[in-house]
Amino acid sequence: MKILSERLIELRKERGLSQATVAKDLGVSLGIVCYWEKNKSDPTASNVAKIARYYNVSSDYLLGLTD
309 MKILSERLIE LRKERGLSQA TVAKDLGVSL GIVCYWEKNK SDPTASNVAK IARYYNVSSD
369 YLLGLTD
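This is the structure in structure tokens:
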């Protein structure tokens, strides 16, 4: 999902975080964070929930269902 990858990049950059930091904090590999941001792979439902909690946004926002 293109909107998801765009929002992941936006949220990470707004907070001044590196991909490596996000990966470590979420307990996933750096490669998977890169794939998510490049729209080459979508996170699992459980990872969407983790990302939403991490950035304090809703999963609907991440998925482009709300603004």
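Residue numbers (my numbering): 309 to 375.
Even for Gly, the Cβ is constructed at its ideal location relative to N, Cα and C.
So, are the CB atoms of Y363 and L319 less than 9 Å apart?
For Y363 and L319, yes; Cβs fall inside 9 Å.
Classify L370 as buried or exposed, calling it buried when 16 or more other Cβ atoms lie within 10 Å of its own Cβ.
Looking at its Cβ environment, which holds 16 or more other Cβ atoms inside 10 Å, L370 is buried.
For K348, which three-state DSSP category applies?
Three-state DSSP puts K348 in coil, outside helix and strand.
Counting only the same chain and skipping the five closest in sequence on each side, list residues whose C-beta sits under 6 Å from that of E345.
S313, L316, I317, listed in sequence order.
What three-state label does DSSP hand S337 in the structure shown?
Of the three classes helix, strand and coil, the one that applies to S337 here is coil, per DSSP.
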